[in-house]
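Positions in the sequence shown are counted from 1; adding 2 to them yields my numbering. Here the structure is laid out as structure tokens; the discussion comes afterwards.
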Amino acid sequence: MVSPVTDETPRVDGRRSAAAARRRQREREILEATRALFDKRGVRDAQIEDIAQAVGINRAIVYRHFTGKEELFALTLVGYLDELRGLLRESVEGLAAAEDRLRATVSAFVDYGLDHPAFVDCAQALMRRTGPELLEEISESAMFRLGRAISGCLTVVAHVLDDGIESGDFRVQDTTLLANQLYASGLGSLQLARVGMLVSEAAPGIPRIHRVSGEQVKTYLVTSALALAHQGI
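Written out as structure tokens, the structure reads:
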């Protein structure tokens, strides 16, 4: 039986719903503009004024939707991480051997980082801040979204490690720790690949510069990941 509508029956405020929808749409537009500028010009050269101009708004409106530059960057990073999570999942489809699965996930991570240098810069910029510092500059909801995006990627790697332990191929004691370590060290190595140079000592006090390619960095990271998984750290 359908209850009759009375004056006391709660009603959906259509105007409020429409305003919320417009707000979400504007936030998406700002994040898309930020991502486009990151990919085109890099993180350091992307300014709030440029982002606002790309959307066709005043920079003050950007700050109505985001607490500041750090939050804007954090939520743009979420977009990269969501893409990366999908690629990590796809990389292990159809693979049964533990080593092949770990090799595929690390390779997919490196390939994505090489193709999207702004992802590396954005992730590293946020990692330079302590947790308390980020919480002071980023809203709890944005921090939650960022944490969920990072954990989504790390969970793929952790599951690969867990499966390797179950099959007897890996001896990892803490898969969460190793997954986080691979993520952090991978970002650092990707920066090394971008620089493209290694430094050694040709003679006491005399530096020597060597070239290093993205493929060399990928090989190193894959080999390191497999070694750590087998060693049982």
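All residues carry an ideal CB built from backbone N, CA and C; glycine is no exception.
Between the CA atoms of residue j and residue i - distance to the nearest angstrom
i	j	result
Val-162	Thr-107	8 angstroms
Ser-109	Lys-220	6 angstroms
Ala-20	Gln-27	10 angstroms
Pro-119	Arg-196	8 angstroms
Ser-114	Leu-180	Before going on, a small fix: residue 114 reads as Tyr here, not Ser. Going by the C-alpha atoms only, they are around 20 angstroms apart.
Glu-217	Gly-70	37 angstroms
Val-57	His-67	13 angstroms
Ala-100	Ser-93	13 angstroms
Ile-208	Val-201	10 angstroms
Glu-168	Leu-83	27 angstroms
Ile-50	Pro-134	24 angstroms
Proximity of residue i and residue j at Cβ, strictly below 8 angstroms
i	j	result
Gln-126	Arg-173	no
Val-80	Arg-147	yes
Thr-36	Leu-74	yes
Leu-104	Leu-192	no
Ala-76	Ala-23	no
Glu-203	Arg-210	yes
Glu-72	Leu-33	no
Start-to-end residues for the beta strand (DSSP E) that takes in residue i
i	result
Glu-203	199-205
Bridge-paired residues (DSSP) for residue i
i	result
Ile-208	Ala-205
Arg-213	Met-199
Residue range of the unbroken alpha helix (DSSP H) whose run includes residue i
i	result
His-232	216-233
Glu-142	142-169
Thr-78	71-93
Gly-115	100-117
Leu-97	Where Leu-97 is concerned, there is no enclosing alpha helix (DSSP H), given that its DSSP letter is neither H nor E.
Ile-50	50-57
Arg-1	Here the chain has residues from 3 to 235 only, and residue 1 is not among them.
Gly-133	133-139
Okay, do the stretch 152-159 and the stretch 85-93 touch, 3+ Cβ pairs below 8 angstroms being the bar? yes
I want to know whether the stretch 214-230 touches the stretch 178-194 - three or more CB-CB distances under 8 angstroms. yes
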